[in-house]
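Novice: Numbering-wise, the sequence shown is residues 6 to 469 according to my numbering. A single structure is presented below for examination.
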Amino acid sequence: MSRPDPDVVPPPGRQSRLPNSSSNTSHENHSTHSRKPHLPSLLPGTRVVIIGAGPAGLSAAISFAARGYPVIIVEKHPRGFLSGRGYGLTLSYYGGKNGEGSPLKQLGILDEAADADVPSRSHYVFRSDGNVAGYYGGAFSCSRGEKGTGQRGNLRVPRNVLLDIMLRRLEVVGGEVRWGCRPVGLTLDGARQEWTVALDDGSKLSGGLLVGSDGVRGATRALMEGEGFIVSPSPHPTCPLGVAVLLGISRLGHPLLNERGFYSLDGNARIFTMPYEGGALEDEVAATDEWVRGYCCGAATFEVRWRRRTMWQLSFRCTTAEAEALFQKDDALPRRLLQRALDICGCWHDPVPQMLADTEPGSVWGTSLVDRTPSPIHRSDHPTVLPAVFIGDAAHAMSPFKGQGCNQSLADGPALARHLTVGKAKKPSLHTALLVFEREMVQRTRKKVEASRKSAEALHSGKG
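The following block contains the structure:
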C-alpha cells in the first residue's frame, strides 16, 4: 500500500489520513462534533417577564439577568410595601446538588444573608403547661470536642431584609421592576412565541418567557386558565388545611428569647418563636429608668436595654367560615387578631402571655393556610410550546411547619435558568427544557409539601 503524496492538498473540509485508520476516523468525528454550536433552549436576548417580586420571582430574575437575559418583574405592591416589617424566614446555609451550594450561594447573596442572620443557638419544646418535651440546637451539639459551640446551621432572616438583599443583587446583574401594577390580560403570538401582558395601569409588556411567581392566590394562573393557555387545569388545586396562622413581633426580653426560641403546643394550637431582630451585641447595659428589661443569670440580676425583637407564630384549627369572619379586612383587624391569640394561649406558661401583651398590634397579621401539590402544566404528549412556567408558591405552596417554603422558592430560580440557558449539543427545545425543569421541581418539592401537610394535621389534631 503506497503512502499518500505529501504534495497533494486534500479537498476543503476533509483531513488527509491513512485509509482504514480507525483512530484517525474517531479523531475526525470528535473534531466535527465539537465544532457544533451549543445553543440554549431559550434564545439569547429573549425577554423574561416575571409576575411577582417575592423570593421565587426575584430568584428567577437574578438567575436570568446574571446570564445576560433582559428581565422585567411586575409586582402589584408598591416598592415600600416589600421593605416594611415582615416575618422571619428560616434559610438553608448549606445545600444544593453537585457542589452547587445552597440557593443563596447560587444567587450570589450568601454572605450578605449570613451577615443579616439573627442568631438562634437553641430551641425548646414545651407543653402548654410549661413542661419541657424536648430541646435541640447548636448549643447542645458537640463540635471539635467542645460542647455548646455547634456549627453554623440555618439562617434566620426577616423576609423584608431578604427581599432588600435580593433587590440589590438584581440591580447589580441588571433587571427592572414595575411596581404597583398587576396583569389583567394575556395574549400569545404563536408564530413569534411572544407574550403580550396587559397591565391594570393601561400599559403592555412583551416577552418570550412568562414566569408566574405571584403566590398561591396569584392572578397569573387564573388568567392562563381563563384564556385557555393551560391545556387542562391543574389536577391538584389549592387544598385548604383547616388551620389559620397569626404572626406578630414582640419586644419582650426573657431568657427563653435570648438568642433562642421555643414552641409550645396543646394538641389544638401551637405557638412558635424565633429571633427576629438584634442580638446580644445590640443590647446595652442600662442604669437609667428608661425602657429596660431585667432578667436573672445565676445569682446576679442585670439591667439591659433590650434591643431585640422576637417573632411569634400561632397556628390553630379554623374552619373556612371562622376564617372569613376573623380575617375580614377592616381597621380593627390587627387588634382582633391579637385578641384571638390572647384568647387561645393567654393562660399558657411564661413568657407566652407577656410576649403577646408586649406585641404591637400593628405588627400582627394572619391568614388561613392552603397548599398546592406541585404538578406540571406541560405534557410530553402535547407538543404545543407554551413559553410559560409557574414557580414558588404559585407551583408548590406549602404550610410553614417544616420551614421549607422559602428555601424551595429560592431554589426554583437557578434551576429554571440552568435548564433553559445551558447550551445543548442537539437541536434546542424550549418545550423539552420546561418539561425537564418541571419534572425536577415536582420531584424536589412534592415530598416537602406532603410532609408539611402531615405536620399541619399532627400539630392540630386535638391529641394533646
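Don't be surprised by glycine CBs; every beta carbon is placed ideally from N, CA and C. Since the model is a prediction, treat every value here as computed from it, not as a measurement.
1. Identify which residue in R226, L261, L338 and C186 has its Cα closest to the Cα of L252.
2. Assuming R226 and A399 form a contact by the criterion Cβ under 8 Å, report the distance between their Cβ atoms to the nearest whole angstrom.
3. CA-CA distance, G266 and T378?
4. What does a CB cutoff of less than 7 Å around D363 pick up in its chain, not counting 5 residues either side in sequence?
5. Candidates T201, D194, G179 and E176: which alpha carbon is nearest P188's?
6. With respect to the alpha helix (DSSP H) encompassing D417, which residues constitute its N-terminal and C-terminal limits?
7. Measuring alpha carbon to alpha carbon, tell me which residue in G467, V76, R444 and V130 is nearest F277.
8. Does DSSP put A291 in a helix, a strand or coil?
9. What span of residues does the beta strand (DSSP E) with M279 cover, start to end?
10. Out of E199, K81, E117 and Y281, which has the shortest C-alpha to C-alpha gap to D205?
11. Starting from P244, follow the beta strand (DSSP E) in both directions and report where the run begins and ends.
12. Rounded to whole angstroms, what is the Cα-Cα separation between F69 and S414?
13. How long is the line joining the alpha carbons of T51 and H383, rounded to whole angstroms?
14. Suppose contacts are defined by Cβ-Cβ distances below 8 Å. Is R161 in contact with G207 by that definition?
15. At which residue ranges does the segment 158-194 contain complete alpha helix (DSSP H) runs of 4 or more residues, listed in the order of the chain?
16. How would you write the range of the alpha helix (DSSP H) that R226 sits in, first residue to last?
17. Does the beta-carbon of H128 have 16 or more other beta-carbons within 10 angstroms, so that it is buried, or is it exposed?
18. Pick helix, strand or coil for V394, following the three-state DSSP scheme.
19. Curious, which full-length alpha helix (DSSP H) runs of at least 4 residues does the segment 332-396 contain?
20. Buried or exposed: which applies to T467, given that a residue is buried once 16 or more other Cβ atoms fall within 10 Å of its Cβ?
21. Nearest to G397 by alpha carbon, out of Q409, D271, V390 and F145?
22. May I ask which residues mark the beginning and end of the alpha helix (DSSP H) holding M446?
23. Identify the residues that DSSP records as bridge partners of L96: which are they?
24. Skipping 5 residues on each side, what residues in its chain have a beta carbon closer than 6 Å to that of G190?
25. CB-CB under 8 Å to A402, same chain, minus the five flanking residues each way: which ones, in chain order?
26. Nearest-angstrom Cα distance between V297 and G283?
27. Would you check if the distance between the CB atom of I349 and the CB atom of F321 is smaller than 8 Å?
Specialist: So, from the listed chains and residues:
1. Taking the sequence shown and counting its residues from 1, the one referred to as residue 252 is at position 247. L252 has its Cα closest to that of L338, out of R226, L261, L338 and C186.
2. Locating residue 226 in the sequence shown gives position 221, counting from the first residue. Locating residue 399 in the sequence shown gives position 394, counting from the first residue. The Cβ separation is near 6 Å, so the contact holds.
3. What you label residue 266 is simply residue 261 of the sequence shown in a count that begins at 1. What you label residue 378 is simply residue 373 of the sequence shown in a count that begins at 1. Whole-angstrom Cα-Cα distance: 30 Å.
4. The residue labelled residue 363 in the question sits at position 358 within the sequence shown. So the list reads S255, R256 and L257, once near-sequence residues are dropped.
5. Taking the first residue of the sequence shown as 1, we reach residue 188 at position 183. Ranked by Cα distance from P188, the options T201, D194, G179 and E176 are led by T201.
6. By 1-based counting over the sequence shown, the position of residue 417 is 412. Counting along the chain, the alpha helix (DSSP H) containing D417 begins and ends at G410 to T426.
7. Within the sequence shown, numbered from 1, the residue matching residue 277 stands at position 272. That would be V130, whose Cα lies nearest to the Cα of F277.
8. Here residue 291 refers to the residue found at position 286 when the sequence shown is read from its first residue. In this prediction, A291 has a pLDDT of 43, which is less than 50 and means its spatial position is unreliable; what the coordinates show is noted afterwards. In the structure shown, A291 sits in coil (DSSP, three-state: anything other than H, G, I, E or B).
9. Mapped onto the sequence shown, residue 279 falls at position 274. It spans A274 to E282 - the beta strand (DSSP E) in which M279 sits, taken as one unbroken run.
10. Here the question's residue 205 lines up with position 200 in the sequence shown. When each option's Cα is compared against that of D205, the closest is K81.
11. Mapped onto the sequence shown, residue 244 falls at position 239. The residue asked about is misnamed: residue 244 is Cys in this sequence, not Pro. Note, C244: beta strand (DSSP E), C244 to S255.
12. In the sequence shown, the residue the question calls residue 69 occupies position 64. In the sequence shown, the residue the question calls residue 414 occupies position 409. Counting only the Cα atoms, S414 lies some 15 Å from F69.
13. Within the sequence shown, the letter at position 46 stands for residue 51. Within the sequence shown, the letter at position 378 stands for residue 383. The alpha-carbon atoms of T51 and H383 are separated by roughly 20 Å.
14. Start at 1 with the first residue of the sequence shown, and residue 161 comes out as number 156. Start at 1 with the first residue of the sequence shown, and residue 207 comes out as number 202. Going by C-beta atoms, R161 is not nearer than 8 Å to G207.
15. Counting only runs of 4 or more, we get 164-178.
16. Position 221 of the sequence shown, counting from 1, holds the residue named residue 226. Per DSSP, R226 is one residue of the alpha helix (DSSP H) stretching across A224 to G231.
17. Start at 1 with the first residue of the sequence shown, and residue 128 comes out as number 123. By the 10 Å Cβ count, H128 comes out buried.
18. Along the sequence shown, one-based indexing puts residue 394 at 389. Strand at V394.
19. Qualifying alpha helix (DSSP H) stretches, in chain order: 338-350 and 357-362.
20. Here residue 467 refers to the residue found at position 462 of the sequence shown. Before going further, note that residue 467 is Gly rather than Thr in the sequence given. Exposed, since its Cβ has fewer than 16 Cβ neighbours within 10 Å.
21. As a first step, residue 397 is located in the sequence shown; it is residue number 392 there, counting from the start. Comparing C-alpha distances from G397 to each of Q409, D271, V390 and F145 shows the shortest one belongs to Q409.
22. Translated into positions along the sequence shown, residue 446 becomes position 441. Where M446 is concerned, the enclosing alpha helix (DSSP H) stretches over L435 to L464.
23. By 1-based counting over the sequence shown, the position of residue 96 is 91. Per DSSP, L160.
24. By 1-based counting over the sequence shown, the position of residue 190 is 185. Within the same chain, G190 has close Cβ partners A203.
25. Here residue 402 refers to the residue found at position 397 of the sequence shown. For A402, where only same-chain residues beyond five positions count, the Cβ hits under 8 Å are G220, V221, T243, V375, D376, R377, G410 and V454.
26. The residue you call residue 297 lines up with position 292 of the sequence shown. The residue you call residue 283 lines up with position 278 of the sequence shown. The predicted model places V297 with a pLDDT of 44, which falls under 50 and marks its position as unreliable, so this point remains unresolved.
27. Mapped onto the sequence shown, residue 349 falls at position 344. Mapped onto the sequence shown, residue 321 falls at position 316. Going by beta carbons, I349 and F321 fall inside the 8 Å limit.
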